[in-house]
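**Q** Oh and the sequence shown: position 21 is 20 in numbering that gives the first Met the number 0, straight run, nothing missing. Can you read through this structure? Questions will come right after.
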Amino acid sequence: MTFQTPSKNILILIKGAGDLASGAAYRLKRSGFPLIMTELPAPPWSAGRSALAKPSTAAKPKSRG
């Protein structure tokens, strides 16, 4: 199996810099690809807040019986 060096005409843009994106960027960079990662200054929502949020009362479940 032969490996070629990455083309110098390619630039990879990764939107987001979370755990998955960081892992992908790490492997791509080690393989020789030039890349740019973007991230918002603050996340638009917090996973912690949504995990602890009260359930919506807009749609009540129907009981069977």
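Yeah, the Cβ is synthetic: ideal placement off N, Cα and C, and Gly gets one too. Here the structure is a predicted model, which means the values were calculated and not measured.
List the endpoints of the continuous alpha helix (DSSP H) containing LEU19.
**A** As a working note, residue 19 is residue 20 in the sequence shown. Note, LEU19: alpha helix (DSSP H), 18-29.
**Q** How close, in whole Å, do the beta carbons of LEU34 and ALA20 come, if the pair is a contact with beta carbons under 8 Å?
**A** Locating residue 34 in the sequence shown gives position 35, counting from the first residue. Locating residue 20 in the sequence shown gives position 21, counting from the first residue. Not confirmed; about 10 Å, so no contact.
**Q** Tell me which same chain residues have a C-beta within less than 7 Å of the C-beta of LEU27, skipping the five on either side of it?
**A** Reading the sequence shown from its first residue, position 28 is the one you call residue 27. Cβ within range, chain order: ILE11, LEU34.
**Q** Give the range of the beta strand (DSSP E) segment to which ILE9 is assigned.
**A** Stepping through the sequence shown from its first residue, residue 9 is reached at position 10. Per DSSP, ILE9 belongs to no beta strand (DSSP E) and is neither H nor E.
**Q** Hey, ILE9 and PHE32: beta-carbon distance below 8 Å or not?
**A** On the sequence shown, position 10 is the one that residue 9 refers to. On the sequence shown, position 33 is the one that residue 32 refers to. Cβ distance < 8 Å, so ILE9 and PHE32 count as in contact.
**Q** Can you list, in chain order, the residues of its chain with a C-beta nearer than 7 Å to that of ASP18? Leave out the 5 residues immediately preceding and following it.
**A** Position 19 of the sequence shown, counted from the first residue, corresponds to residue 18. For ASP18, where only same-chain residues beyond five positions count, there are no Cβ hits under 7 Å.
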